[in-house]
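Going by our numbering, the residue at position 263 of the sequence shown is 1723; the numbering climbs one at a time, nothing skipped. Encoded as structure tokens, the structure appears first; notes follow it.
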Amino acid sequence: MATFYKLQVKKIEKTTKDCVLVSFDLPQELEEIFQYKQGQYLTLKAIINGEPVQRSYSLCSSPLDKELRVGIKAVPLGLFSTFANEQLKEGDVLESLAPSGKFYVDVEEQADKNYVCFAAGSGITPMYSIIKTHLTAEPHATFKLFYINQTVSSIILKEELEALKNQFMERFEIFHFLTKQNRAVELFNGRMDKKKMAAIFSGICDTDKIDDYFICGPEAMIFLVRDYLLEQKVGEEKIHFELFGTSSDKPKLSKEDEKKLSGKTCTVTLIEGGKSMEFELAMGGDNILDAALNNSADLPYACKGGVCCTCRAKLVEGEVTMGVTYGLEQDELDNNYILTCQALPTTEKVVVDFDQ
Ligand code: FES
């Protein structure tokens, strides 16, 4: 069962004009529950305009520092991010699920590994946690970071990255790309594209020597970098990515299912926290998560875009079709795990278990 814990805001720092870093006090009794891996995120809940709102934000601190800090960039019409940037104060209390996420590889102290990171905008937040942790805990690790922003003033964590570079001068390099300001070297101007990728991998990085790649930012950048690496025969297991937002539309039934299921309803049974509830859902209408929330269920979710995996549950009976499933691994799909924010029932009964 998804449990939310109360966390008090210890500190709020502005890192750019539209991004805050929010640190939390961690009471001793929650220390174990909130132990985390570099690159993981918190799902936070706040009451905004009288309504509970949940969103996931990456931890931009290192577990080695015993610090719990997230970065929250204001996005246009973003309810939670605007609230965090404009109203949240030190001393306020938010609720949070325990840390989760799979955007990491294990720290191996004796390893001799070379890492490459691509980040855009607030995609730097988990990356900072990853870079700091591996550089500190693995004395032979090296990192190259390719970081894309609009202008110098929009670079999140700029000073902390510089400090890290000074601390690990021999093992950490940063290459800044700007899309709305000119840099002297043409390669570093504008968005990432195939030409830039080719230039990076012919002049700066050698795929034969890289152990792991981390990519975080918007969908288009992630898939461009991932597809380029796959074309260069980099093994899929070496490419780790975390999507920040998705451009995908709401999930839809296929044309065939739409014809077959039009006018039918599905009986949805939800199991959560050892209790079950049942409701009727028009086929081809809402996804299971939205329908459950409309029926007053108290379920965990954050992105509602198939990315964060917070709404994951096991389908124990019936069938569904899903939109995007970025948040699930193949073995989870094989074992009938679904993202309820992306799932539309295609049978007249489905049973979904959030406790498994
Ligand atoms: S809420 Fe994020 S994947 Fe469903």
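In this text, a Cβ means the ideal position worked out from N, Cα and C, and glycines have one as well. On a predicted model such as this, the values are computed, not experimentally measured, just so you know.
Reduced DSSP category for residue i - H, G, I as helix; E, B as strand; rest coil
i	result
Met1737	strand
Ser1522	coil
Leu1486	coil
Ser1756	coil
Gln1514	strand
Ala1751	helix
Gln1570	coil
Thr1800	helix
Thr1667	helix
Glu1777	strand
Extent of the continuous beta strand (DSSP E) run through residue i
i	result
Arg1529	Arg1529 to Lys1533
Thr1542	Where Thr1542 is concerned, there is no enclosing beta strand (DSSP E), although the alpha helix (DSSP H) it sits in stretches over Leu1539 to Glu1546.
Asp1791	Unbroken run through Asp1791 is the alpha helix (DSSP H), Gln1790 to Asp1794; no beta strand (DSSP E).
Glu1550	Looking at the DSSP string, Glu1550 is not in any beta strand (DSSP E), and its letter there is neither H nor E.
Thr1806	It is not in any beta strand (DSSP E) - Thr1806 carries neither H nor E in the DSSP assignment.
Gln1468	Tyr1465 to Thr1476
Leu1504	Tyr1501 to Ile1508
Leu1557	Premise fails: Leu1557 is in no beta strand (DSSP E) and is neither H nor E.
Ile1699	Ile1699 to Leu1703
Ile1731	Thr1725 to Glu1732
First through last residue of the alpha helix (DSSP H) which encompasses residue i
i	result
Asn1626	Lys1618 to Gln1627
Asp1687	Glu1679 to Glu1691
Glu1718	Lys1715 to Leu1721
Straight-line Cα distance separating residue j from residue i
i	j	result
Asp1478	Thr1593	26 angstroms
Gly1695	Tyr1797	25 angstroms
Asp1552	Arg1643	41 angstroms
Phe1661	Thr1667	7 angstroms
Tyr1688	Lys1654	7 angstroms
Cys1665	Met1782	37 angstroms
Asp1671	Glu1569	15 angstroms
Gly1824	Leu1753	Nothing can be reported for residue 1824, as the shown portion of the chain is limited to 1461 through 1816.
Ile1615	Tyr1496	25 angstroms
Glu1622	Ala1658	26 angstroms
Ile1675	Phe1648	18 angstroms
Glu1630	Val1565	22 angstroms
Glu1473	Thr1770	27 angstroms
Gln1498	Phe1701	13 angstroms
Glu1789	Thr1542	32 angstroms
Pro1512	Leu1539	11 angstroms
Pro1711	Thr1807	16 angstroms
Thr1503	Lys1625	30 angstroms
Other residues of its chain near residue i: CB distance less than 7 angstroms, five sequence neighbours each side excluded
i	result
Phe1484	Leu1467, Gln1468, Val1469, Lys1470 and Leu1528
Gly1650	Thr1639
Asn1545	Asp1478, Val1480, Ile1532 and Ala1534
Asp1572	His1600
Thr1761	Correcting the residue identity first, residue 1761 is Tyr in this sequence and not Thr. The answer, listed in chain order, is Gln1514, Leu1749, Thr1770, Cys1771 and Cys1801.
Phe1464	Lys1505, Glu1555, Ser1556 and Leu1557
Proximity test, residue i beta-carbon vs ligand 3 heavy atom, cut-off 8 angstroms
i	result
Cys1769	Within the structure as shown, ligand 3 is missing, the only ligands being ligand 1.
8 angstroms Cβ shell around residue i - same chain, five flanking residues per side excluded
i	result
Lys1669	Asn1574
Ala1757	Leu1730, Glu1732 and Met1737
Own chain, CB closer than 6 angstroms to residue i, minus 5 neighbours either side, in chain order
i	result
Val1767	Leu1703, Thr1706, Tyr1786 and Gly1787
Met1681	Ala1580 and Met1652
Lys1809	Thr1727 and Gly1778
Gly1561	Gln1500 and Tyr1501
**Q.** Those runs of the alpha helix (DSSP H) which lie wholly inside the stretch 1585 to 1665 and span at least 4 residues
**A.** 1618 to 1627 and 1654 to 1663
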